[in-house]
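S.K.: Attaching a single structure in structure tokens format; questions to follow.
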Amino acid sequence: MEKIDDAVQRLGDFFYDDRLSELYGTANVGTQRQRYINLLNWHKAFFNVEKAMILSSPGRTELGGNQTDHNGGIVLAAAVNVDSVAVVTKTDDTVVTVNSENFPLFKVDLTDLEKREDESGKTEALIRGVAASLARKGYRIGGFKASIVSDVLPGSGLSSSASIEILLGTIFNSLYNDNAVSITELALFGKEAENHYFGKHCGLMDPLACGTGGIIAMDFREGETPQITPIDLYFDDFEYELFIIHTGGSYSRLDEDFNSIPAEMKEAASVLGKNICRETTEVDLLAEMPAIREKFGDRTFLRAIHFFRENRRVKEMIDCLLHNDFETYLKLVSRSGNSSFKYLQNCYSAKDVKKQGIPVGLAICEGFLDGHGVCRVHGGGFAGTIQAYVPRDRAEDFQLFMGSIFGEDSVRMLKIREASAGPVLLT
82 MEKIDDAVQR
92 LGDFFYDDRL
102 SELYGTANVG
112 TQRQRYINLL
122 NWHKAFFNVE
132 KAMILSSPGR
142 TELGGNQTDH
152 NGGIVLAAAV
162 NVDSVAVVTK
172 TDDTVVTVNS
182 ENFPLFKVDL
192 TDLEKREDES
202 GKTEALIRGV
212 AASLARKGYR
222 IGGFKASIVS
232 DVLPGSGLSS
242 SASIEILLGT
252 IFNSLYNDNA
262 VSITELALFG
272 KEAENHYFGK
282 HCGLMDPLAC
292 GTGGIIAMDF
302 REGETPQITP
312 IDLYFDDFEY
322 ELFIIHTGGS
332 YSRLDEDFNS
342 IPAEMKEAAS
352 VLGKNICRET
362 TEVDLLAEMP
372 AIREKFGDRT
382 FLRAIHFFRE
392 NRRVKEMIDC
402 LLHNDFETYL
412 KLVSRSGNSS
422 FKYLQNCYSA
432 KDVKKQGIPV
442 GLAICEGFLD
452 GHGVCRVHGG
462 GFAGTIQAYV
472 PRDRAEDFQL
482 FMGSIFGEDS
492 VRMLKIREAS
502 AGPVLLT
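No gaps in the numbering here: position 60 of the sequence shown is 141 in this note's numbering, and each next residue is one more.
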């Protein structure tokens, strides 16, 4: 930890501008510099402390492998330049106190690591759950005071909960474990906290992408011990900008829709005597198509078809990125979105066909791009965000146009963040 006043002074003297540029992009340095100064001063004033550490955990964007991880699929994802930031001061007790803008003060005593039903859906559940997983694996935990701000907003499609889970994990890792806990372990602890304490289903993909940084391929054949392959490529080398557009809607009543996807893929696999789709092949699936359709229906068959073809597609996408073939990569992005719409069927809820924000967003986006650029559903689907690759010379017009329809704050141009989650080294 360092003196807060010294960090504020160095920020004001532009000493850390190169680091901020690395995390957020050159165009955002001024805004982020002031954000850090404000957070440091807020932390000092609120907690009456003199020293602190700064940590950052990014959001993530899914690039390929839509809804396949739960059946052992391969996913392509990346950390992005919007993040959750914490200014943290270690304490000599067992109490975690979190001051976060627009929220009441959170306090969790780590002498009690049991799940609490009254904390379901609350930040306290994530704090207690992450700490419980760390302690269960023999890692050290202890108290701290933290001031947190986040640009990874709930419902943004950039995995706000995973960003916070990884942030909490890196705080415990840095303060009490000399950064000995791997990102894969922290991601698993975040998943456990969200599933069992927070009360929301999630996989490993989101926290892994948030924690690792850069573009990564994740092969979930082995479930909770995925093979992770970094992809060394800079999107800025190509003449496209990456956008996320929030088309409206809420995930609050979509649990049944989300849960139906892994369940139906597993139903298809069960006809073949397997547990998940990764344990079988498309050839075997096609051979048993009549039995699958008769027993479970056509959608089950179609969702399994999506799994196999999306898995192949992700391998091709990875190969394109490794060989700098961005135009073919974009064609595969488009095919991924097409498969999600037709076969996976996660672009709107069949229970409420009057609300189809994602198809509306795709229609508007495709009309603007007119064959120059691509768009697709982003993430879990059914409501929320779409993703678009837009020619750089049309990016400003695209942002204004889509913002005029869905709201200025609903359109975000993203950069890939290479840095992993962890301390921001203000030394």
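Where is the CB? At the ideal position from N, CA and C, for every residue including glycine.
Using 8 Å as the threshold, is the C-beta distance between glycine 188 and threonine 175 below it?
M.R.: What sits at residue 188 in the sequence shown is lysine, not glycine. The answer is no: Cβ separation not under 8 Å.
S.K.: Quick one: Cα of asparagine 276 to Cα of cysteine 283, how far?
M.R.: Those two C-alpha atoms are separated by around 6 Å.
S.K.: Which residues mark the beginning and the end of the alpha helix (DSSP H) in which methionine 82 is found?
M.R.: Here methionine 82 belongs to no alpha helix (DSSP H), and DSSP marks it neither H nor E.
S.K.: Within the same chain, show all residues whose beta-carbon is closer than 6 Å to that of glycine 145, passing over the 5 residues directly before and after it, in chain order.
M.R.: Within the same chain, glycine 145 has close Cβ partners Leu157, Val395, Met398 and Ser417.
S.K.: How far does the alpha helix (DSSP H) with arginine 114 in it extend, from its first residue to its last?
M.R.: Where arginine 114 is concerned, the enclosing alpha helix (DSSP H) stretches over 110-128.
S.K.: Give me the residue from Val89, Gln90 and Val168 with the minimum Cα distance to phenylalanine 127.
M.R.: Comparing Cα positions, the closest option is Val168.
S.K.: Taking only runs that begin and end inside the region 137-179, name each unbroken beta strand (DSSP E) of 3 or more residues, in chain order.
M.R.: The region 137-179 contains these whole beta strand (DSSP E) runs: 155-171.
S.K.: Under 8 Å between C-beta atoms, does aspartate 474 make it to chain B?
M.R.: In the structure shown, chain B cannot be found, because there is only a single protein chain.
S.K.: Looking only at DSSP bridge pairs, what is cysteine 510 linked to?
M.R.: Shown here, the chain extends from 82 to 508; a query on residue 510 therefore has no answer.
S.K.: CB-CB under 8 Å to leucine 234, same chain, minus the five flanking residues each way: which ones, in chain order?
M.R.: Excluding sequence neighbours, leucine 234 sits near Ser241.
S.K.: Do three or more CB pairs link the region 247-266 to the region 285-295 at distances below 8 Å?
M.R.: Yes: at least three Cβ pairs fall under 8 Å.
S.K.: What are the partner residues of aspartate 190, as DSSP defines its beta bridges?
M.R.: The partner list for aspartate 190 (beta bridge, DSSP) reads Val176.
S.K.: Does DSSP classify tyrosine 321 as helix, strand or coil?
M.R.: Tyrosine 321: strand per DSSP, three-state reduction.
S.K.: Can you tell me where the alpha helix (DSSP H) with proline 311 in it begins and where it stops?
M.R.: Not the alpha helix (DSSP H): proline 311 falls in the beta strand (DSSP E), residues 308-312.
S.K.: Could you tell me which residues DSSP puts in a beta bridge with serine 181?
M.R.: For serine 181, which the question treats as bridged, DSSP gives the partners Ile229.
S.K.: Shortest alpha-carbon distance to glycine 503 belongs to which of Phe253, Val89 and Ile439?
M.R.: Checking every option, the nearest Cα to that of glycine 503 belongs to Phe253.
S.K.: Using CA atoms only, rank isn't needed, just tell me which of Phe388, Ala344, Asp490 and Asp379 is closest to arginine 359.
M.R.: For the residues Phe388, Ala344, Asp490 and Asp379, the minimum Cα distance to arginine 359 belongs to Phe388.
S.K.: For aspartate 150, which residues of its own chain have a beta-carbon under 6 Å away from its beta-carbon, when the five flanking residues on both sides are left out?
M.R.: Cβ neighbours of aspartate 150 beyond the five flanking positions: Val156, Gly284, Met286 and Phe301.
S.K.: Am I right that alanine 469 and cysteine 446 are in contact with their C-beta atoms under 8 Å? What's the rounded C-beta distance?
M.R.: Contact flag correct, Cβ pair sits at about 5 Å.
S.K.: Return yes when the Cβ of proline 472 is within less than 8 Å of the Cβ of tyrosine 321, no when it is not.
M.R.: In this structure, proline 472 lies closer than 8 Å to tyrosine 321 by Cβ.
S.K.: Terminal residues of the continuous beta strand (DSSP E) containing alanine 298?
M.R.: Alanine 298 -> beta strand (DSSP E) spans 296-300.
S.K.: Can the beta-carbon of lysine 171 be found closer than 8 Å to that of phenylalanine 225?
M.R.: Yes, they are a contact pair.
S.K.: List the whole-angstrom C-beta distance separating alanine 212 from isoleucine 222, where the pair is believed to meet the contact cut-off of C-beta under 8 Å.
M.R.: Confirmed, about 5 Å.
S.K.: Under 8 Å Cβ to Cβ from isoleucine 133, same chain only, skipping five residues before and after it: list those, please.
M.R.: Going by the sequence as given, residue 133 is alanine instead of isoleucine. Same-chain partners within the cutoff: Met82, Glu83, Ile85, Ala88, Leu121, His124, Lys125, Val168, Val169 and Thr170.
S.K.: Got a sec? Which residues, its chain only, sit under 7 Å from serine 420 by beta carbon, not counting five neighbours each side?
M.R.: The residues are His387, Arg390 and Glu391.
S.K.: Quick one: using the 10 Å Cβ neighbour count with 16 as the cut-off for buried, is alanine 159 buried or exposed?
M.R.: By the 10 Å Cβ count, alanine 159 comes out buried.
S.K.: Where aspartate 193 and arginine 114 are concerned, what is the direct C-alpha to C-alpha distance, given to the nearest angstrom?
M.R.: Rounded to whole angstroms, aspartate 193 to arginine 114 spans 38 Å at the Cα level.
S.K.: Output the distance between the C-alpha atoms of cysteine 401 and phenylalanine 407, rounded to the nearest integer angstrom.
M.R.: C-alpha separation (whole angstroms): 6 Å.
S.K.: Please report the straight-line C-alpha distance between valine 163 and glycine 140, rounded to a whole angstrom.
M.R.: For valine 163 and glycine 140, the distance between alpha carbons rounds to 6 Å.
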